[in-house]
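Visitor: Right, I'll just put the structure down here and ask away after.
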Amino acid sequence: MKITGCEIVVIGDGREVDPDLGGVEPLPILTVQTDEGITGLSEMFRVPPGVARSALVGMDSFFGSQIIGAKFVTPEAIWNRLYENMLHSNRRGWAMRCLGALDIALWDIFGKLIEQPVYELLGGAERNPFQTDSSKRHRASDLTPYATIVSDTWERKVVLNQQIERCETLAQEGYRAFKVEAMHSSLQTAVDLVREARRTLGTDAVLALDVGYGYNDHASALWVSERIEQFDVYFFETPFAVDSPVPYARLADKTSIPLAMGEHACCRWEFVEMMDQGGVTVCQPYSSNSGGLTECKRIVELVRSRGALLIPGNWSTQILGMANNHLAAYSPVSPYMEYSPAQVYASPLRAELQALATPVVDGKIALPNKPGIGIEIPDDLIDRFRLDM
Ligand SMILES: [Mg+2]
0 MKITGCEIVV
10 IGDGREVDPD
20 LGGVEPLPIL
30 TVQTDEGITG
40 LSEMFRVPPG
50 VARSALVGMD
60 SFFGSQIIGA
70 KFVTPEAIWN
80 RLYENMLHSN
90 RRGWAMRCLG
100 ALDIALWDIF
110 GKLIEQPVYE
120 LLGGAERNPF
130 QTDSSKRHRA
140 SDLTPYATIV
150 SDTWERKVVL
160 NQQIERCETL
170 AQEGYRAFKV
180 EAMHSSLQTA
190 VDLVREARRT
200 LGTDAVLALD
210 VGYGYNDHAS
220 ALWVSERIEQ
230 FDVYFFETPF
240 AVDSPVPYAR
250 LADKTSIPLA
260 MGEHACCRWE
270 FVEMMDQGGV
280 TVCQPYSSNS
290 GGLTECKRIV
300 ELVRSRGALL
310 IPGNWSTQIL
320 GMANNHLAAY
330 SPVSPYMEYS
340 PAQVYASPLR
350 AELQALATPV
360 VDGKIALPNK
370 PGIGIEIPDD
380 LIDRFRLDM
């Protein structure tokens, strides 16, 4: 089997949509074609369409020129060759996001070829029998999403009222894990949001806090973490920019709350640095942006050997969500993965894509069971949401 081409179409809720409010921003969709008619699909979160095309489409594109006409062996073999060929050019940034999306599409093709869900090809959903609740069950049986909650604006009143309402709505649907977001908010609002969410959700729910790189100084992050420790916070996400592990290390020394980062991290090396030098114990790679499922499988082993967690990130659609499901099914260190529930956000496209993916039922997602990644986008959806860009 040979790869014959890569195609990009761009879909979205509109050019002016605010992605921080739940809308789907212009999203390149990659389709990889083969001479046997099997195709692979992936999305490319926050990759400009022009970059996606110059990386993947046609014989004058960076990756396309190397794979179009090439024999399909395994996704890992192609990943290794393409990455090694980047050593003298561009080893990070958008190039890695494009390689990551390509890798997921290749896993989709590989799974369809072998007629297995991708997680089985990654290594299965095997679990240590001493860590499962039944000696007969040596495999993961389902996946647990945590719901990411944002508000329509960042005024204190709206943050506190709307995010708590959204938590309540989803808790009634059976969601068991939540992350609230105190972006563009005062330190006090962050503390109050966590207190109110815990009071509303009760002691059994999992509750995390994201402040979206909101702090520059160690004292602010410490002030918040000291006041929310009593509310059993599962992780504290990105208190600082992630360019340096130093502030993370200082905070990790002082708080019992696990520190989380990685939504835009790239390759295993950034995670190794943040775990080993920054004291981060919750890694949040997007299976696409961080370099693909091939790279995420390596990150799982590095996370596991450090006693940390890998909780796949996803503030994009359930096209990425389905790829993340395979990673979480395979990974023994991924008790949750991020999920942005369309029912609480005003985004027609988010809702339609969510309806195509494996549903959340009583707070759980069944293991993927279709060959490949397991999601296809109907032509009529593309037609209705296509952006001419
Ligand atoms: Mg975040």
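Here the sequence shown stands for residues 0 to 388, numbered as in numbering that gives the first Met the number 0. From the three backbone atoms N, C-alpha and C, an ideal C-beta is built for every residue, glycine too.
Could you tell me if N313 is buried or exposed, where buried requires 16 or more neighbouring beta carbons within 10 angstroms of its beta carbon?
Guide: Buried.
Visitor: Check this for me: beta carbons of G22 and D34, under 8 Å apart or not?
Guide: No, the pair does not count as a contact, with Cβ atoms beyond the cut-off.
Visitor: Short check: CB of F239 to CB of V205, under 8 Å?
Guide: Taking 8 Å as the Cβ cut-off, F239 and V205 do not qualify as a contacting pair.
Visitor: Check whether the region 284–295 touches the region 71–79, counting contact only when three or more Cβ pairs, one atom from each stretch, lie closer than 8 Å.
Guide: Cβ pair count under 8 Å is three or more, so yes.
Visitor: I'd like to know whether the C-beta atoms of S287 and I103 end up nearer to each other than 8 Å.
Guide: Yes, the pair counts as a contact, with Cβ atoms nearer than the cut-off.
Visitor: Out of curiosity, what's the CA-to-CA distance linking L355 and A218?
Guide: Using only the alpha carbons, I get a separation of about 45 Å.
Visitor: Below 8 Å on the Cβ atoms is my contact criterion, and I expect C97 with F62 to pass it. Report the Cβ-Cβ distance as a whole number of Å.
Guide: About 6 Å separates the two Cβ atoms, so the contact holds.
Visitor: Mind checking if D231 is an interface residue toward chain D, Cβ cutoff 8 Å exclusive?
Guide: Looking for chain D here will not work: only one protein chain is present.
Visitor: Less than 7 Å between C-beta atoms, sequence neighbours within five positions excluded: which residues of the same chain meet that for H263?
Guide: N288, listed in sequence order.
Visitor: Within its chain, find whatever has a CB closer than 8 Å to the CB of M58; leave out the 5 residues flanking it on each side and keep chain order.
Guide: Same-chain partners within the cutoff: S64 and I67.
Visitor: Where does E272 sit, in a helix, a strand or coil, going by DSSP?
Guide: Residue state, collapsed to three classes: helix.
Visitor: Which residues bound the beta strand (DSSP E) around C5?
Guide: Run containing C5: I2 to I10, per the beta strand (DSSP E) assignment.
Visitor: At the level of alpha carbons, what is the spacing between D379 and Y214?
Guide: Between D379 and Y214, the C-alpha separation is close to 44 Å.
Visitor: Hey, would you say R14 sits closer than 8 Å to L386, going by beta carbons?
Guide: In contact: R14 and L386 (Cβ atoms closer than 8 Å).
Visitor: Taking all protein chains shown into account, do 16 or more other C-beta atoms lie within 10 angstroms of the C-beta of A196, making it buried, or fewer, making it exposed?
Guide: So A196 ends up on the buried side.
Visitor: Does ligand 1 have a heavy atom nearer than 7 Å to the CB of E269?
Guide: No, ligand 1 has no heavy atom inside 7 Å of this Cβ.
Visitor: Which residue spans inside the region 94–129 form an unbroken alpha helix (DSSP H) run of at least 4?
Guide: The qualifying runs are 117–121.
Visitor: Candidates C266, D231, A307 and L221: which alpha carbon is nearest S252's?
Guide: The residue you asked about is not Ser; residue 252 is Asp in the sequence shown. That would be L221, whose Cα lies nearest to the Cα of D252.
Visitor: Quick one: give me the first and last residue of the beta strand (DSSP E) that I310 is part of.
Guide: Segment: none, I310 is in no beta strand (DSSP E) and carries neither H nor E.
Visitor: Could you pull the DSSP bridge partners for C282 from this structure?
Guide: Bridge partners of C282: M260 and L309.
Visitor: Between K296 and L121, which are expected to be in contact by the criterion C-beta below 8 Å, what is the C-beta distance as a whole number of angstroms?
Guide: Confirmed, Cβ separation roughly 6 Å.
Visitor: Is the closest heavy atom of ligand 3 to the C-beta of D209 under 7 Å?
Guide: Among the ligands present in this structure, namely ligand 1, ligand 3 is not found.
Visitor: By Cβ distance below 6 Å, which residues in the same chain neighbour P257 in space, the five residues on each side in sequence not counted?
Guide: Same-chain partners within the cutoff: F234, T280 and V281.
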